[in-house]
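Report on the structure given below.
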Amino acid sequence: MPAPLISPAEKKYVELGIEQDCRADGRARLEYRHVVMETGLLSQASGSARCRLGDSDVLVGVKVEIGEVEQNKPNQGRVVCNVECSPSASQQFEGRGADEINNTLTLAIDRLLNGPQSGLDLENLCIIPNQQCWVIYIDAMVMDAAGNLLDCIVMTTRAALYNTRIPKTEIQDLGDGDFEFEVVDDVEDAEPIKGWENLPISVTLYKIAERYIIDPTVLEELCSSVTLTVGVNKDGLVCGIQKGATGSIDPSLLTEMIQTATTLAKPLIEQLDNKLLEEDKSVQEKRRQGQHVEKLGFFAAVI
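Final position of the sequence shown in our numbering is 303; the numbers increase by one with none missing.
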């Protein structure tokens, strides 16, 4: 399937609107579309979340399983990421059309979540050093592609990891350096992933003509000459930067774009975290009172 095209007239229309800080859908240059986030949707997963950012729709499932530690990281657990774009999400994804974007998005998520910049306590996932650890498998499915997929996937993954619970293990020392462990099946003893609150989100800025925007539609993405993705955590610290497309960014504009990303990310993380924690408290209170609890979900209008 060939890449979608945009006519010169359409491109000029988009550029003029962005120049005047009034995009085609009425938003300003640095304004997000409406966000709807739901967690706890997949009963067979260790954690899950679904995010609808405008018309983009992403579902993330997390599964934790016991595996072997990596030789170069004998005291740490592992995170394995995979992103799949459903053929029904866009005509571009039919057949093998999604292979390239699947690989690109998977690598981007993997770079953000593996390593010290992720904030995850990977050492806490180690069960027996040099032998066994918890492996976190993150599978993201893009069900509808309407722009800004990477940011939407990262946002959803963060919520899914918050929703994830890891079974408790009891370790017994047999002597002579031998250990054995038992997984406790009691759901109430399962623990959240340590360090989830330090996970960064990504803010991707799209340069169009002489301006830049966030959270573009598909039409706006076609007008962009270069992108800059900035990973930012709750403290406003930059955890990673990646440039995309073939255009260039002036050094002075680069500094401005990074600052803009950090300014936008911090309040966004606060809003999402507050909603997650509020809903979690509500569910726990209902369970305490013996009430029936349906799936955990919330609506968040993000500015």
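Backbone N, C-alpha and C fix where the C-beta goes; we use that ideal spot for every residue, glycine too.
Grab the span of the beta strand (DSSP E) containing residue i for me, first residue to last.
i	result
Asn82	78-85
Arg23	Neither: Arg23 is in no beta strand (DSSP E) and is coded neither H nor E.
Thr39	35-39
Val135	132-144
Glu182	178-183
Glu68	56-68
Ile214	211-214
Arg52	47-53
Ile128	126-128
Going by DSSP, what residue range makes up the alpha helix (DSSP H) through residue i?
i	result
Gln205	Rather than Gln, the amino acid found at residue 205 in this sequence is Leu. Run containing Leu205: none in the alpha helix (DSSP H); it sits in the beta strand (DSSP E), 201-208.
Leu314	Outside the displayed span of the chain (1 to 303) sits residue 314, for which this structure offers no information.
Leu161	149-163
Ile101	99-113
Measuring alpha carbon to alpha carbon, tell me which residue in the options is nearest residue i.
i	options	result
Cys126	Glu100, Pro87, Gly77	Gly77
Ala98	Gly240, Glu220, Met143	Met143
Cys81	Asn72, Glu68, Leu113	Leu113
Leu122	Ile109, Lys234, Arg111, Ile136	Ile136
Val60	Pro87, Asn72, Asn163, Glu31	Asn163
Asp55	Ser90, Val64, Lys63, Val184	Ser90
Ala312	Lys243, Cys239, Lys234, Tyr13	Missing from the structure shown is residue 312; the chain here goes from 1 to 303 and no further.
Ala28	Arg211, Leu222, Ser225	Arg211
Lys207	Leu268, Glu278, Ala190, Leu254	Leu254
Val232	Ser224, Ile269, Leu150	Ile269
Lys87	Ile101, Asn75, Gln131	According to the sequence as given, residue 87 is Pro; it is not Lys. It is Ile101 whose Cα lies nearest to the Cα of Pro87.
Ser43	Leu5, Ser224, Asp185, Val62	Val62
Val184	Ile166, Gly26, Ile6	Ile166
Gln71	Ser224, Pro129, Leu16, Ser118	Pro129
Pro8	Leu222, Ile249, Glu256	Leu222
Trp134	Ser224, Lys12, Ser248, Ile193	Ile193
Asn103	Ser118, Cys85, Asp215	Cys85
Gly247	Arg96, Val238, Leu41, Ser224	Ser224
With a Cβ-Cβ cutoff of 8 Å, do residue i and residue j count as a contact?
i	j	result
Thr227	Ala245	yes
Cys22	Val35	no
Ala146	Val58	no
Leu120	Gly236	no
Ile109	Ile153	yes
Ala45	Glu38	no
Asn148	Leu5	no
Ile241	Ile18	no
Phe179	Asp173	yes
Thr217	Asp25	yes
Leu105	Val69	no
Thr263	Leu150	no
Ala209	Glu15	yes
Leu219	Glu10	yes
At least three beta-carbon pairs within less than 8 Å, the segment 193-213 to the segment 151-159 | Yes, the segment 193-213 touches the segment 151-159.
3-residue-minimum beta strand (DSSP E) runs that sit fully inside the segment 214-289, ordered along the chain
Here the runs fully enclosed are 226-232, 238-244.
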